[in-house]
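Q: If you're matching positions, the sequence shown starts at 5 in our numbering and goes up one per residue.
Structure below; questions to follow.
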Amino acid sequence: MSELPVPLNVRAEHQVVFERPTSAPPPTLPVANGTQSFWLRNPNVFPPPTYGSDGPLTRDADICIIGSGITGVSAAYHLAQAFSHDQTRSQPVSAVVLEAREFCSGATGRNGGHLTAYAYNGFRWLRQLYGEDEAVRGLAIERYTAAEVFRILKENAKVEHVDFVPGGRVILLFTAQEHDSARADYDAAKEAGIDLSDVEWLSREEVKARFGAAYPAVVIPGNNLWPLKLVSVLYNLAANATDNFNVSLHTRTPVTSISASEPSASRRWSLQTPRGTIQCSYVLHATNAYTAHLLPWMHGPDGIVPTRGQVIAVRANTPDALGRAGFVGNDGLEYWFPRQNPELTRQTGESAANATTSGQLILLGGGREATKDRGFEFYQADDSEVNPEVGAVLRRFLPVVFPGKFDEDSEVEMEWTGVMGYTKSHEPFVGPVIDPHDPDSRRKYEGQYISAGYTGHGMPRAFACAEAVAGMIRADMTRERWQPPQWFPTHYLTTQDV
Ligand SMILES: Cc1cc2nc3c(=O)[nH]c(=O)nc-3n(C[C@H](O)[C@H](O)[C@H](O)COP(=O)(O)OP(=O)(O)OC[C@H]3O[C@@H](n4cnc5c(N)ncnc54)[C@H](O)[C@@H]3O)c2cc1C
């Protein structure tokens with residue numbers, strides 16, 4: 005068997021490099037000319053990419069949401085839901101989503117398309133950092149997210165629209181170390197009472213027979229979908245939910261700074277953009293990798309580190325080479341899934357005849373560990389370029405893992421980058437904006453909230469984190485006390501005093 009083209013067992017080194025102090029500058033605003041991802045090409049949905057980028061700018065809103073990815077738009081969705089039953093207000097609550105580039109053009113529009121809740125993965129890490137109850141919640145929020153997203157899609161007849169495929173996830177275990185670590189997490193989660201009856205362990209031979217890769221594996225429930233289409237569904241549900249809540253959207257409207265409004269003003273905050281200033285009472289930072297641009301103390305390993313990921317779209321030799329499942333390997337550093345059928349492929353512009361006979365299209369991401377001696381792509385916030393070193397290992401990866409199913413010299417059909425927001429604990433920051441170096445920051449940033457830093461694993465968490473933070477904003481507006489839901493990990497909170 006040929007050797008895998010990526011270094012293996014590098015998670016510990018990844019963490020050590022992450023935690024090093026940095027001399028890198030804080031992230032800029034998202035660059036204007038990002039590479040084009042598979043998802044951003046022809047999504048054909050409402051709102052279109054440049055919606056609200058010209059014409060009059062909304063000048064005043066109760067809530068400004070910065071960022072139109074899954075976090076920002078989910079927050080709008082949850083606010084709409086929360087206020088839809090509120091008959092006490094004389095005026096509708098107003099929100100505006102401000103997006104630096106095109107609609108959903110950040111990490112959500114550039115990722116691998118997975119929506120998979122971890123079944124047991126990382127359980128011991130969370131238990132060691134935060135205790136068993138929090139570790140259980142750390143997995144519960146993911147199952148909750150996956151179930152809620154599916155419920156919403158089903159109730160609104162959008163399952164097919166977003167290409168939702170519940171094909172499961174195959175976790176390939178390339179090394180004995182990976183195998184033992186997975187087994188230890190599985191045992192610990194099971195002992196803590198987590199139901200793992202839907203998790204299947206497969207031997208090397210079973211995996212070879214079923215999938216054509218000669219490694220042991222674990223199969224867990226998992227889904228893939230078209231993330232931008234999901235976000236557009238949520239936006240439309242938010243916009244049309246109720247007369248009690250209005251949401252508008254301005255793309256190509258970066259927030260360049262935030263300042264306190266004049267004491268006489270009716271709103272607390274002024275948001276500066278190149279198109280003018282917007283006044284609001286509440287601000288939600290849903291800017292993920294770019295958080296430190298507006299909140300400078302979030303720069304560095306104690307905050308959120310922009311980390312560039314890379315993805316290629318490549319064809320297998322046959323139309324059904326990998327079936328329906330999504331895959332990960334090498335401790336999750338590589339992830340890939342097959343697009344399902346000619347119908348789906350046709351939406352990307354390919355002719356029907358060609359799609360039926362040509363090889364299955366696979367989206368494969370990862371390869372950052374090829375740059376481990378140059379920093380794993382940490383502090384790289386420029387998604388207008390690809391890293392050739394990463395691209396080279398991605399091109400060699402699938403032919404080695406699945407011998408005979410891919411040609412080494414197959415043309416890559418698309419290649420793009422996107423920027424993730426990594427944190428030291430791997431857990432996001434959710435709640436009021438707090439500067440830990442400033443004891444007065446709670447008062448200074450009153451009305452500002454954040455939900456960001458999902459460490460490359462936001463699809464099964466951001467929707468629910470946005471629900472939590474939207475609940476906090478609503479509770480503040482209605483002078484109630486916010487109670488964390490049973491599924492919410494309280495260690496995500498920026499302060500326990502919410
Ligand atoms: C290559 C890649 C692969 C990934 N693979 C997976 C995976 O397999 N599974 C998984 O769960 N997750 C994965 N992720 C991570 C996942 O995509 C993210 O965690 C999630 O999309 C974060 O959503 P978000 O809305 O918080 O951030 P984003 O989608 O990045 O949205 C933030 C938005 O804020 C905008 N913005 C930033 N600053 C400003 C400003 N000052 N003014 C106005 N707008 C601003 C940005 O333009 C952006 O659109 C991957 C990410 C990448 C890039």
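Where a beta carbon is used, it is the ideal one built from N, C-alpha and C, also for glycine.
These figures come from a predicted structure and were not determined experimentally.
In angstroms with no decimal places, state the Cα-to-Cα distance between V35 and S455.
A: C-alpha separation (whole angstroms): 21 Å.
Q: Closest to P31 by C-alpha separation, out of P488, D501 and I308, would be which residue?
A: Selected option, being the one with the closest Cα: I308.
Q: Could you tell me whether any non-hydrogen atom of ligand 1 is closer than 7 Å to the CB of M418?
A: Because no heavy atom of ligand 1 lies under 7 Å away, the Cβ of M418 does not count as near it: no.
Q: Can you say whether T349 is buried or exposed, counting buried as having 16 or more other CB atoms within 10 angstroms of its CB?
A: Reliability fails at T349, whose pLDDT of 47 lies under 50, so the model's placement of it is uncertain and the value that follows must be treated cautiously. Flag for T349 reads buried.
Q: What's the C-alpha gap between D377 and V394?
A: Each residue's Cα considered, the two are about 13 Å apart.
Q: Does the beta carbon of I70 fall short of 7 Å from some heavy atom of ligand 1?
A: Yes.
Q: Helix, strand or coil for Y426 per DSSP?
A: If DSSP states are grouped into helix, strand and coil, Y426 belongs with the strands.
Q: Report yes if the C-beta of V423 is less than 7 Å from at least one heavy atom of ligand 1; otherwise report no.
A: V423 Cβ: within cutoff of ligand 1.
Q: Where do the N-terminal and C-terminal ends of the beta strand (DSSP E) with F341 fall, by residue?
A: Looking at the DSSP string, the run of the beta strand (DSSP E) that includes F341 is E338 to P342.
Q: Since H254 contacts V100 with CB under 8 Å, what's their CB separation in whole angstroms?
A: Rounded, the Cβ-Cβ distance is 7 Å, consistent with contact.
Q: With 16 as the cutoff for other CB atoms within 10 Å, does A150 come out buried or exposed?
A: Flag for A150 reads buried.
Q: Once you ignore the five residues that flank L200 on each side, which residues in its own chain have a CB closer than 8 Å to its CB?
A: Within the same chain, L200 has close Cβ partners A123, Y124, Y190, A193 and K194.
Q: List in chain order: all unbroken alpha helix (DSSP H) runs of 4+ residues lying wholly within the segment 252 to 321.
A: As far as the segment 252 to 321 is concerned, its whole alpha helix (DSSP H) runs of at least 4 residues are 295 to 298.
Q: Check the DSSP bridge columns for R483 and list the partner residues they point to.
A: DSSP output for R483 lists no bridge partner at all.
Q: Is S429 near ligand 1, going by C-beta to nearest heavy atom under 7 Å?
A: No.
Q: Please report the distance separating the alpha-carbon of V405 from that of L177.
A: Looking at the two C-alpha atoms, the distance is approximately 11 Å.
Q: With a cut-off of 8 Å, do at least 3 Cβ pairs link the segment 314 to 323 to the segment 291 to 301?
A: The segment 314 to 323 vs the segment 291 to 301: no contact.
Q: To the nearest angstrom, how far is the alpha carbon of L234 from that of V166?
A: Straight-line Cα distance between these residues: approximately 6 Å.
Q: For ligand 1, I want to know if E393 counts as a neighbour, meaning its beta carbon is within less than 7 Å of at least one of the ligand's heavy atoms.
A: Flag unset: Cβ of E393 not near ligand 1.
Q: Should D387 be labelled buried (16 or more other beta-carbon atoms within 10 Å of its own) or exposed?
A: Per the 10 Å Cβ criterion, buried.
Q: Would you mind working out which of F154, N248, S252 and D202 sits nearest L61, comparing C-alpha positions?
A: Among F154, N248, S252 and D202, the Cα nearest to that of L61 belongs to S252.
Q: Among I366, Q384 and L206, which has the Cα closest to the Cα of P29?
A: When only C-alpha atoms are compared, the closest one is Q384.
Q: Leaving aside the five residues before and after Q276 along the sequence, list all residues of the same chain whose C-beta is less than 8 Å from its C-beta, in chain order.
A: Taken in chain order, the residues that qualify are V259, T260, S261, I262 and S263.
Q: Nearest by alpha-carbon distance to Q344: which of G330, I438 and M418 is it?
A: Residue G330 is the option with its Cα nearest to Q344.
Q: For Q132, which three-state DSSP category applies?
A: Helix.
Q: Nearest CA to the CA of Q181: which residue from A16, P489 and Y458?
A: Out of A16, P489 and Y458, A16 has the C-alpha closest to the C-alpha of Q181.
Q: Once the 5 residues before and after T352 are set aside, which same chain residues still bring their CB inside 6 Å of it?
A: Interpretation of T352 is limited by its pLDDT of 47, a score under 50 that renders its predicted location unreliable; the figure taken from the coordinates is listed afterwards. No residues qualify anywhere along the chain.
Q: Do A325 and G363 have their C-beta atoms within less than 8 Å of each other?
A: Taking 8 Å as the Cβ cut-off, A325 and G363 qualify as a contacting pair.
Q: Taking 6 Å as the limit between beta carbons, can you name the residues of its chain near G460, skipping five residues before and five after?
A: For G460, where only same-chain residues beyond five positions count, the Cβ hits under 6 Å are M424.
Q: Tell me the DSSP secondary structure of R187 in three-state form.
A: In the structure shown, R187 sits in a helix (DSSP, three-state: H, G or I).
Q: Which residue wins for smallest C-alpha separation from G304, given the options A196, L12 and T26?
A: Checking every option, the nearest Cα to that of G304 belongs to T26.
Q: Buried or exposed: which applies to S94, given that a residue is buried once 16 or more other Cβ atoms fall within 10 Å of its Cβ?
A: Under this definition S94 is an exposed residue.
Q: On a CA-only basis, which of D411, E417, L367 and G422 is nearest N391? Give me that one, please.
A: For N391, the nearest C-alpha among the options comes from G422.
Q: Do K212 and A221 have their CB atoms nearer than 8 Å?
A: Against a cut-off of 8 Å, the Cβ pair of A221 and K212 comes out as no contact.
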